[in-house]
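Visitor:
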Amino acid sequence: MFEFVDHVVYINLSNRTDRRMSIEAELAKYFPNSKISRFNATHHEKGYIGCTMSHIGVIKLAILRGWKNCLIVEDDAIWSNFEKGYYLLETLVRKPYDIITFGTTFTTYNRETYKLYSGQTTTAYLINSSYYQTYLDNMVEGLSNLVESNSPGHYALDIYWKKLQARDNWYCIMPALMVQKEGYSDIEKRNVNYDHYFNIQQIAK
Numbered sequence: 001m002f003e004f005v006d007h008v009v010y011i012n013l014s015n016r017t018d019r020r021m022s023i024e025a026e027l028a029k030y031f032p033n034s035k036i037s038r039f040n041a042t043h044h045e046k047g048y049i050g051c052t053m054s055h056i057g058v059i060k061l062a063i064l065r066g067w068k069n070c071l072i073v074e075d076d077a078i079w080s081n082f083e084k085g086y087y088l089l090e091t092l093v094r095k096p097y098d099i100i101t102f103g104t105t106f107t108t109y110n111r112e113t114y115k116l117y118s119g120q121t122t123t124a125y126l127i128n129s130s131y132y133q134t135y136l137d138n139m140v141e142g143l144s145n146l147v148e149s150n151s152p153g154h155y156a157l158d159i160y161w162k163k164l165q166a167r168d169n170w171y172c173i174m175p176a177l178m179v180q181k182e183g184y185s186d187i188e189k190r191n192v193n194y195d196h197y198f199n200i201q202q203i204a205k
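So for the sequence shown, full-length UniProt numbering puts the first residue at 1; every next one is plus one.
1. Could you check whether G85 and I173 sit closer than 8 Å to each other, using their CB atoms as the reference points?
2. Measuring CB to CB, does Y171 end up less than 8 Å from L71?
3. Taking T108 as part of the beta strand (DSSP E), name the residues at either end of that continuous run.
4. Evaluate contact between the region 11-28 and the region 41-54, counting only Cβ atoms and requiring at least three cross-stretch pairs below 8 Å.
5. Got a sec, what are the start and stop residues for the alpha helix (DSSP H) V8 sits in?
6. Between the region 157-167 and the region 106-124, are three or more C-beta pairs nearer than 8 Å?
7. Can you tell me which of the three DSSP states M1 falls into?
8. Could you pull the DSSP bridge partners for F39 from this structure?
9. So, helix, strand or coil for K46, using DSSP?
10. Please find out if some non-hydrogen atom of the ligand ATP comes closer than 7 Å to the beta-carbon of S22.
11. Please name the residue, chosen from R16, S34, A25, that lies closest to residue 234 on a Cα-to-Cα basis.
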């Protein structure tokens, strides 16, 4: 399974050893160790800034290593709806995709093609190498605006990337193939449970 995935990178803060154990156990179900790398997440007092910086770092690493594609996973991700989700993923990777999200919240998409028009959360997504630079440029621009304005409602990673979603070849897996595990969030600085939000969706024709 997942033969079409060149490499997997999970993002993990050094102090969250609990999450490291959890995500390594999840990934080990379907990926060999040789395909998995840990990225030491950037710690920032404003978690949404650290989040963007971490994803920027992963894309720079993917470019450096020359991976054909990269599955980027946050350390609170867990598998969900696997049989149906994986079958859909196998179909979507045959398309000329830029990014395939494994799980988004507040999702607007085409239920026949699974073309994504708008979706939030960076839980897990597969990115094609041909799209690395486009995505990197978007994140760098968003981060600059985020630091300057301190307005995550406009410039957080999973908000600013919406500029790309409707325009480019983004697809989503619905129902989600990966969701966020309930627990303490270093970004939100509180316990969170987003299960409900992964089920909020709007169908676009």
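We treat Cβ as the ideally placed atom computed from N, Cα and C, and that holds for glycine.
Guide: Inspection of the coordinates gives the following:
1. Pairing I173 with G85 gives a Cβ-Cβ distance under 8 Å.
2. No, the pair does not count as a contact, with Cβ atoms beyond the cut-off.
3. Start and end: 105-109.
4. With a cut-off of 8 Å on Cβ pairs, the region 11-28 is in contact with the region 41-54, counting three or more such pairs.
5. Unbroken run through V8 is the beta strand (DSSP E), 7-12; no alpha helix (DSSP H).
6. They touch, by the three-pair rule.
7. If DSSP states are grouped into helix, strand and coil, M1 belongs with coil.
8. The partner list for F39 (beta bridge, DSSP) reads I11.
9. K46: coil per DSSP, three-state reduction.
10. In terms of ligand content, the structure shown is empty, and the ligand ATP therefore cannot be addressed.
11. Summary: the structure shown does not reach residue 234, with the chain confined to residues 1 through 205, and so no result is reported for it.
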